[in-house]
Amino acid sequence: IRAALLYPAFAYARRRAALSEVEGEFRRCLDTLRRLERERSDSVDLAADAFGQMLAAAFTLGLTGANKRICHEIGLHLGRFIYAADAAEDYESDRESGNYNPYVVRYGGDPLDGGIRETMRTALYLELSALEKAYLHLVRGGCAGRIDCCYVRRPRLAAADSILCGIYCGTDWRPSFGG
332 IRAALLYPAF AYARRRAALS EVEGEFRRCL DTLRRLERER SDSVDLAADA FGQMLAAAFT
392 LGLTGANKRI CHEIGLHLGR FIYAADAAED YESDRESGNY NPYVVRYGGD PLDGGIRETM
452 RTALYLELSA LEKAYLHLVR GGCAGRIDCC YVRRPRLAAA DSILCGIYCG TDWRPSFGG
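Letter by letter, the sequence shown follows residues 332 to 510 in our numbering.
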């Protein structure tokens, strides 16, 4: 009987330890992002990876085994995609304002041209391909509910095209999820 009474306290302590671990990962990733920005790094990969690691930590909270590995990959590639897509979308405004953007640093502040756009598109496609691959390996249960709200109906590469349409066409795009 005494053990049964102590179980809630132990469960709470385990959850707190897991949250401390996630908080530590968030701090480490944010420190990396601040350092890259301060150094004006031209590496989209390093910055996107730091952001992806934060999402991976959030997606894997409380999971073990295959679900943890798969959800880590999903969080990592979703975060990398979000960071790279945001940097691609903000290229022109960051170029004009001088705000940090690794793409702007990499291309020396040159106006967007076909080569830069194609490089951005390829990077986004690669992240979505890795995201889709991980999603297809998702074990039923575990983290499926966490993922389905972010990755609706496997959009394949349409999301990258939607983002880049705004870059190519100069339109104000807004993604439409669901439906």
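Glycine is no exception: its CB is placed at the ideal position from the N, C-alpha and C atoms. From a predicted model like this one, the values you see are computed outputs, not experimental measurements.
If Phe412 sits next to His403, beta carbons under 8 Å apart, how far is it from one beta carbon to the other, in whole angstroms?
-> Not really, about 15 Å apart at Cβ, beyond 8 Å.
Whose C-alpha, out of Ala378, Leu392, Gly383 and Leu361, is nearest the C-alpha of Ile405?
-> By alpha-carbon distance to Ile405, the top candidate from Ala378, Leu392, Gly383 and Leu361 is Gly383.
Which parts of the segment 350 to 410 are runs of the beta strand (DSSP E), unbroken and 3 residues or longer, counting only runs that do not cross its ends?
-> You should have found no qualifying run.
Would you report the Cα separation of Glu370 and Glu423, rounded to the nearest angstrom?
-> Roughly 20 Å separates the two Cα atoms.
Measure the CB-CB distance between Ala379 and Ala415 and report whether it falls below 9 Å.
-> When the beta-carbon positions are compared, Ala379 and Ala415 come within less than 9 Å of each other.
Hey, would you say Met451 sits closer than 9 Å to Ala419, going by beta carbons?
-> Cβ atoms of Met451 and Ala419: closer than 9 Å.
Would the beta-carbon of Tyr434 fall within 9 Å of that of Val375?
-> Yes, the Cβ-Cβ distance between Tyr434 and Val375 is below 9 Å.
In terms of residues, what are the limits of the alpha helix (DSSP H) holding Asp444?
-> Premise fails: Asp444 is in no alpha helix (DSSP H) and is neither H nor E.
Alpha-carbon spacing of Ser351 relative to Gly393, whole angstroms | Straight-line measurement puts the Cα of Gly393 at about 12 Å from the Cα of Ser351.
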